[in-house]
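Undergrad: For the record, in the sequence shown the residue sitting at position 14 is 573 according to this note's numbering, with numbers rising by one throughout.
We put the beta carbon where it would ideally sit given N, CA and C, even for glycine.
Here's a structure for you.
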Amino acid sequence: MKIMIGSDHHGIDTRLNLGRLVASLGHVVHDFGPVPDNPEPVDYPDVAAPIARAVSTGEMDRGILICGTGIGMSIVANKFPGVRAAPVVDVFSAELSRRHNNLNVLCLSGDMLTEATINDVVKTWLKTDFSKEERHARRLRRISEIEEEQVRKNKRNE
């Protein structure tokens with residue numbers, strides 16, 4: 560898979576470590592975010608938007624976003640059609656986010672999670688497939704319908 564990993568200033572080290580881990584699992588990694596030792600804060604929307612756009616357009620298969628809590632990144636990422644982003648804090652949620660929700664953008668806390676937890680979450684998220692149960696597919700189709708309705712309404716109001 561092609562996976563883009565990005566962070567604001569809260570997740571630089573985590574982002575770089577995850578890049579090595581994800582690459583070691585056989586995936587193509589695209590890194591995005593501030594360089595190490597950059598003293599300037601980076602606004603999370605400026606990182607989340609390009610990665611969510613890349614997932615939305617199919618340029619990337621998945622994205623991983625890291626900020627202080629993962630919440631801000633998920634809010635931005637979910638503005639893009641077809642993106643399903645959520646902050647995930649444990650292995651159980653990582654598995655269910657894939658199996659039930661087909662989460663394609665994983666949002667992580669660079670401040671509240673240990674490196675070991677983050678690594679376990681990412682490995683679980685990458686290896687878990689979307690469930691073939693119809694109820695999960697039906698729910699995702701409904702989400703897509705809602706997105707399409709909103710796009711049509713927004714175009715009419717322009």
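Determine the direct distance from the alpha carbon of residue 613 to that of residue 654, and round the result to whole angstroms.
TA: Position 95 of the sequence shown, counted from the start, is the residue given in the question as residue 654. Position 54 of the sequence shown, counted from the start, is the residue given in the question as residue 613. Each residue's Cα considered, the two are about 23 Å apart.
Undergrad: Measure the beta-carbon distance from residue 640 to residue 710 and round it to whole angstroms, keeping in mind my assumption that it falls under 8 Å.
TA: Here the question's residue 640 lines up with position 81 in the sequence shown. Here the question's residue 710 lines up with position 151 in the sequence shown. Sure, about 7 Å apart at Cβ, within 8 Å.
Undergrad: Determine the contact status of residue 677 and residue 667, defining contact as a CB-CB distance below 7 Å.
TA: Within the sequence shown, residue 677 is the residue found at index 118, counting from 1. Within the sequence shown, residue 667 is the residue found at index 108, counting from 1. Their beta carbons are under 7 Å apart, which means residue 677 touches residue 667 by this criterion.
Undergrad: Count the other CB atoms, across all protein chains shown, that sit within 10 Å of the CB of residue 671; report buried if there are 16 or more and exposed otherwise.
TA: The residue given as residue 671 occupies position 112 in the sequence shown. Burial call: exposed.
Undergrad: To which residues does DSSP link residue 668 through a beta bridge?
TA: Within the sequence shown, numbered from 1, the residue matching residue 668 stands at position 109. Paired residues: 626.
Undergrad: Under 8 Å by Cβ, that's how I've got residue 620 and residue 571 pegged, so tell me the actual separation to the nearest angstrom.
TA: As a position in the sequence shown, residue 620 is number 61, starting the count at 1. As a position in the sequence shown, residue 571 is number 12, starting the count at 1. Going by Cβ atoms, the distance from residue 620 to residue 571 rounds to 23 Å, so no, they are not a contact pair.
Undergrad: According to the neighbour-count rule (16 or more other Cβ atoms, all chains shown, within 10 Å of its Cβ), is residue 663 buried or exposed?
TA: Residue mapping note: residue 663 aligns to position 104 of the sequence shown, counting from 1. Label assigned to residue 663: buried.
Undergrad: Using the rule of at least 16 other Cβ atoms within 10 Å of the residue's Cβ for burial, across every protein chain shown, is residue 705 buried or exposed?
TA: For the purposes of this step, residue 705 is identified with residue 146 of the sequence shown, where counting begins at 1. Exposed, since its Cβ has fewer than 16 Cβ neighbours within 10 Å.
Undergrad: When burial is assigned at 16 or more other CB atoms within 10 Å of the CB, is residue 703 buried or exposed?
TA: The residue given as residue 703 occupies position 144 in the sequence shown. Residue 703 is exposed by the Cβ-count criterion.
Undergrad: Let me know if residue 701 comes out buried or exposed under the rule of 16 or more other beta-carbons within 10 Å of its beta-carbon.
TA: On the sequence shown, position 142 is the one that residue 701 refers to. Classification for residue 701: exposed.
Undergrad: Would you say the stretch 579–586 touches the stretch 633–648, given that touching needs at least three Cβ pairs under 8 Å?
TA: No: the two stretches stay apart, fewer than three of their Cβ pairs being nearer than 8 Å.
Undergrad: For residue 603 and residue 577, what's the separation of their Cα atoms in angstroms?
TA: If you number the sequence shown from 1, residue 603 lands on position 44. If you number the sequence shown from 1, residue 577 lands on position 18. About 18 Å.
Undergrad: Taking residue 697 as the reference, which of 636, 660, 606 and 574 has the closest Cα?
TA: Sequence index remark: in the sequence shown, residue 697 carries index 138 (1-based). Measuring from the Cα of residue 697, the nearest candidate turns out to be 660.
Undergrad: Could you check if residue 657 is buried or exposed, using at least 16 other CB atoms within 10 Å of its CB as the buried criterion?
TA: Residue 657 sits at position 98 when you count from the first residue of the sequence shown. Counting Cβ neighbours within 10 Å, residue 657 comes out buried, since at least 16 surround it.
Undergrad: Quick check: the Cα distance between residue 565 and residue 712, rounded to an integer number of angstroms?
TA: Locating residue 565 in the sequence shown gives position 6, counting from the first residue. Locating residue 712 in the sequence shown gives position 153, counting from the first residue. Answer to the nearest angstrom: the Cα atoms are 31 Å apart.
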